[in-house]
Amino acid sequence: MASQIARCIRPGTISCMLRSPNQLSVRCLSGTSQCSSSNPSDKYDNLKAVKTPMLPPDSYKGKKVFVTGGGTGLGKAMTRMLSQLGAEVAIVSRSPDVLKSTSEEISGETGNPVHPIPANIRDPEAVKSSVDQFVEICGGLPDVVINNAAANFISPSERLSPNAWRTIVDVVLNGSMYATLEIGKRLIEQQKGANFLTISTPYAALGSPFVTPSGAAKSGLENVTRSLAVEWGRHGLRFNGIAPGAIYTKGAFSRLDPSGKFQKILTDSTPTGRIGEQEEIANLACFLCSDYASWFNGEIVMFDGGQTLQASGMFSSYLKLSKDQWDQAESMIRGTKGS
């Protein structure tokens, strides 16, 4: 039977090719008026981001929180919301000026103390000192520990130097482990319960090209999270994680999307039709570390609007087909004879 071809051939548009009756092939490059391309987040209010705290006011009143990488990006967003909910927060990173600015900004907004503690978490002695400072400033060990410090950049793996690999793994995996061990041992000794949160990434479980060091380090951190959830649960310590997809932060996107084009690709490949907002991960983090989530333990929450599922689906490219194209495809499929 002769091939049947239906094309949307406008330059730079979707190319949808219906070939022989027993073969349907779709190559989706971008949406057009002829193809299904509406953005769900523009149409449906329930897909829009809510940026206000979801927990009741004062949910964290009397709680002390230790956040690594809390001066910028996602760490700053989580610190702000924790402070809005009444927490006393200490933010830890190696940038004193950034920490000072962030702590003054947030405490000025919320009226709750935010303490800057400069430390290089790649150094276990510096981590120990930061915990000592936390105890002195806050009057005790933390109720919540958020391992958020990150290092990442895109690079073909054949271009990576041993130092580049070591730098990322030292921050993401080793630094987080130093903080977890230092605080965890003290909590166990003092018989004090606490909640730990790991900030991971979807490709920690699935893998991804061009971010091998970060993926390996985050994967190790997820293993630590699940392992200690079991081992230290008897000591009143909960461990959970969040694997956020694309959430815009200036620092991360400058290293992972230097051209500015990748953000649109991610938006177009996410079922909800947008990337995430910083306040959304802050809300999830505040919930997981709160008393409302006391039965969450050992979980890594995939938080990416369904982007990972869509990317892994064999037939996800068919989402770009219009109703007319589906009608044509159905007609061709019904006309197929044999197996």
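Numbering (my numbering), first residue to last: 225 to 563. For each residue, glycine too, the CB sits at the ideal point set by N, CA and C. Please read these numbers as outputs of a predicted model, since none were measured by experiment.
Beta-carbon proximity list for residue i, same chain, < 7 Å, skipping 5 on both sides
{"i": "residue 353", "result": "343"}
{"i": "residue 402", "result": "345, 348, 351"}
{"i": "residue 375", "result": "391, 392, 395, 396"}
{"i": "residue 457", "result": "521"}
{"i": "residue 557", "result": "none"}
{"i": "residue 359", "result": "365"}
Neighbour flag for residue i against chain D, beta carbons, 8 Å
{"i": "residue 302", "result": "This model lacks chain D altogether, as it is built from one protein chain only."}
Pick from the options that is closest to residue i, judged by C-alpha positions
{"i": "residue 277", "options": "436, 511, 527", "result": "511"}
{"i": "residue 332", "options": "319, 303, 318", "result": "303"}
{"i": "residue 523", "options": "349, 464, 542, 337", "result": "464"}
{"i": "residue 294", "options": "268, 287, 325", "result": "325"}
{"i": "residue 573", "options": "435, 495, 396, 515", "result": "As displayed, the chain neither begins before 225 nor continues past 563, which places residue 573 out of reach and without an answer."}
{"i": "residue 436", "options": "474, 382, 400, 347", "result": "382"}
{"i": "residue 416", "options": "461, 492, 405", "result": "461"}
{"i": "residue 447", "options": "421, 489, 558", "result": "421"}
{"i": "residue 286", "options": "470, 471, 555, 367", "result": "367"}
{"i": "residue 284", "options": "515, 266, 455", "result": "515"}
{"i": "residue 400", "options": "355, 360, 433, 379", "result": "355"}
{"i": "residue 337", "options": "459, 309, 318, 320", "result": "309"}
{"i": "residue 513", "options": "360, 341, 423", "result": "423"}
Beta-carbon proximity list for residue i, same chain, < 6 Å, skipping 5 on both sides
{"i": "residue 411", "result": "365, 418"}
{"i": "residue 517", "result": "511"}
{"i": "residue 299", "result": "291, 293, 372"}
{"i": "residue 451", "result": "none"}
Presumed contact (8 Å Cβ cut-off) between residue i and residue j, rounded CB distance
{"i": "residue 467", "j": "residue 428", "result": "6 Å"}
{"i": "residue 301", "j": "residue 505", "result": "7 Å"}
{"i": "residue 508", "j": "residue 525", "result": "7 Å"}
{"i": "residue 500", "j": "residue 471", "result": "4 Å"}
{"i": "residue 266", "j": "residue 497", "result": "7 Å"}
Rounded separation between residue i and residue j - CA only
{"i": "residue 305", "j": "residue 453", "result": "25 Å"}
{"i": "residue 272", "j": "residue 345", "result": "36 Å"}
{"i": "residue 329", "j": "residue 289", "result": "17 Å"}
{"i": "residue 377", "j": "residue 532", "result": "20 Å"}
{"i": "residue 551", "j": "residue 487", "result": "32 Å"}
{"i": "residue 350", "j": "residue 407", "result": "13 Å"}
{"i": "residue 548", "j": "residue 282", "result": "54 Å"}
{"i": "residue 371", "j": "residue 263", "result": "34 Å"}
{"i": "residue 260", "j": "residue 540", "result": "Annotation note: pLDDT 48 at residue 260 (below 50); position unreliable, coordinate value reported separately. Cα to Cα, the separation comes out at about 13 Å."}
{"i": "residue 348", "j": "residue 394", "result": "10 Å"}
{"i": "residue 386", "j": "residue 392", "result": "10 Å"}
{"i": "residue 414", "j": "residue 398", "result": "24 Å"}
{"i": "residue 307", "j": "residue 555", "result": "59 Å"}
{"i": "residue 253", "j": "residue 441", "result": "Low confidence applies here, because residue 253 scores a pLDDT of 36, under 50, leaving its location unreliable; read the following figure in that light. Their Cα atoms are separated by approximately 33 Å."}
{"i": "residue 443", "j": "residue 426", "result": "9 Å"}
{"i": "residue 384", "j": "residue 502", "result": "30 Å"}
{"i": "residue 389", "j": "residue 449", "result": "22 Å"}
{"i": "residue 357", "j": "residue 316", "result": "11 Å"}
{"i": "residue 274", "j": "residue 327", "result": "24 Å"}
{"i": "residue 369", "j": "residue 404", "result": "8 Å"}
{"i": "residue 519", "j": "residue 445", "result": "21 Å"}
{"i": "residue 434", "j": "residue 534", "result": "20 Å"}
{"i": "residue 318", "j": "residue 280", "result": "33 Å"}
{"i": "residue 320", "j": "residue 268", "result": "42 Å"}
{"i": "residue 380", "j": "residue 341", "result": "35 Å"}
{"i": "residue 459", "j": "residue 335", "result": "33 Å"}
{"i": "residue 455", "j": "residue 485", "result": "44 Å"}
{"i": "residue 538", "j": "residue 409", "result": "46 Å"}
DSSP beta-bridge partners of residue i
{"i": "residue 410", "result": "In DSSP, residue 410 forms no bridge with anything."}
{"i": "residue 398", "result": "Answer is none; residue 398 lacks a bridge partner."}
{"i": "residue 315", "result": "291, 340"}
{"i": "residue 203", "result": "In the structure displayed, the chain extends from 225 to 563; residue 203 sits before or after that span and is not available."}
{"i": "residue 371", "result": "422"}
{"i": "residue 461", "result": "418"}
{"i": "residue 332", "result": "Per DSSP, none; premise fails for residue 332."}
{"i": "residue 500", "result": "471"}
Proximal residues to residue i (C-beta, below 8 Å), its chain only, five neighbours per side dropped
{"i": "residue 362", "result": "288, 312, 314, 339"}
{"i": "residue 528", "result": "426, 467, 468, 469, 470, 494, 500"}
{"i": "residue 322", "result": "295, 296"}
{"i": "residue 431", "result": "439"}
{"i": "residue 490", "result": "469, 470, 499, 531"}
{"i": "residue 473", "result": "296, 297, 298, 502"}
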